[in-house]
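*Asks:* Using the numbering used here, you'd call the opening residue of the sequence shown number 32 and step up by one each time.
Every residue, glycine too, gets a C-beta built ideally from N, C-alpha and C.
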Amino acid sequence: MANRRFLILSDIHANLEALSAVLRAVSRRRYDKVICLGDLVGYGANPDAVVSRLRKIPRLVVVRGNHDKVAAGLASPENFNAAARRSAEWTVSKLSRDNMSFLRGLATGPVDLGDGIVLCHGSIPDEDAYLFSDYDAYEIFQSCAFSVCFFGHTHYPCAFRQAGDSVEFIQFKGQSTELILEEGARVLINPGSVGQPRDRTPLASFGEYYPDNRRFVLKRVPYAVGKARMKIIRAGLPENLGNRLLAGT
Ligand SMILES: [Fe+2]
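1. Output the boundary residues of the beta strand (DSSP E) element that contains ILE220.
2. What residues are listed by DSSP as bridge partners for GLY145?
3. I need the DSSP call for THR280, collapsed to helix, strand or coil.
4. DSSP state of THR185, grouped into three classes?
5. What ranges does the beta strand (DSSP E) occupy inside the region 76-140, keeping only unbroken runs of at least 3 residues that lie completely in it?
6. For GLU199, which option in GLN206, ALA216 and ALA49 has the closest C-alpha, if you only look at C-alpha atoms?
7. Assuming ASP99 and VAL65 form a contact by the criterion Cβ under 8 Å, report the distance between their Cβ atoms to the nearest whole angstrom.
8. Between the Cα of GLY238 and those of ALA56, LEU268, ASN112 and ARG265, spot the shortest distance and give me the residue it belongs to.
9. Does DSSP classify ARG169 as helix, strand or coil?
10. May I have the straight-line CA-CA distance separating TRP121 from GLY195, to the nearest angstrom?
11. So, with DSSP's three-state summary, where would you put GLY257?
12. Give the DSSP-derived three-state secondary structure of ALA52 in the structure shown.
13. Answer yes or no: do GLY279 and ASP230 have a C-beta to C-beta separation smaller than 8 Å?
14. Between the C-alpha atoms of ALA114 and TYR74, what's the straight-line distance to the nearest angstrom?
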């Protein structure tokens, strides 16, 4: 029996230290697919290096995030707060032409991987929507066809599992947490954020999924968070974008 393994990354947000720590942690593993659920750039100090590094990964599948869209000139930053807008303008000035056109060409979610696996940044019906509540999840279970959906955008490592007519919320805690999906179960999974975690845990978050035995593992790894913060401050970006990395908020 095949035992495929997928790496699931999301919301890297130009944090080269966090991306490097994740890739180092998995460097001995071979993945059948490396999935990125969007927001490669925005907030962090190394947008160009992060896009260049990511593009080198073989068997990569990416859906675009709202920050990618704004950096690529495909959407306006009107819904961004002041810090995010400042960071978006700065990001545009730092991206090479080649990396900019890579961002411009990213797929719009949802992307169907087959076997009932669907990828999106925010949610399936709306790539920019935030999927926070079990009610949001319930609506998606009712209206969309999928078995396992990976999403990002909220930067919060969690899952929503359909349980009969209700929805079970699963919060991933700890540095390695496993979720085994029984036959026929439907689930929405957020692997958390590589580069700007918001669950008060300043560790890079990512996931591995084994589609042949329906096993998901959420992992956290430490990274050089102080260095990532200092780069943001030295670049003249809003200080809070650096400080929030220390707090994991
Ligand atoms: Fe994000």
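*Replies:* Working from what's here:
1. Under the DSSP assignment, ILE220 falls in the beta strand (DSSP E) whose first and last residues are 218-221.
2. Bridge partners of GLY145 according to DSSP: ILE148.
3. If DSSP states are grouped into helix, strand and coil, THR280 belongs with coil.
4. In this structure, DSSP gives THR185 a state outside helix and strand, which the three-state scheme calls coil.
5. DSSP runs (the beta strand (DSSP E)) wholly in the region 76-140: 91-93.
6. Residue ALA216 is the option with its Cα nearest to GLU199.
7. ASP99 to VAL65, Cβ: 17 Å. No contact.
8. When each option's Cα is compared against that of GLY238, the closest is ALA56.
9. Here residue 169 turns out to be Tyr, not Arg, going by the sequence shown. Here TYR169 sits in helix by DSSP.
10. Cα to Cα, TRP121 sits roughly 47 Å from GLY195.
11. Collapsing the DSSP output to three states places GLY257 in a helix.
12. When secondary structure is reduced to three states using DSSP, ALA52 falls in the helix class.
13. Against a cut-off of 8 Å, the Cβ pair of ASP230 and GLY279 comes out as a contact.
14. Distance between ALA114 and TYR74, taken at the CA atoms: about 8 Å.
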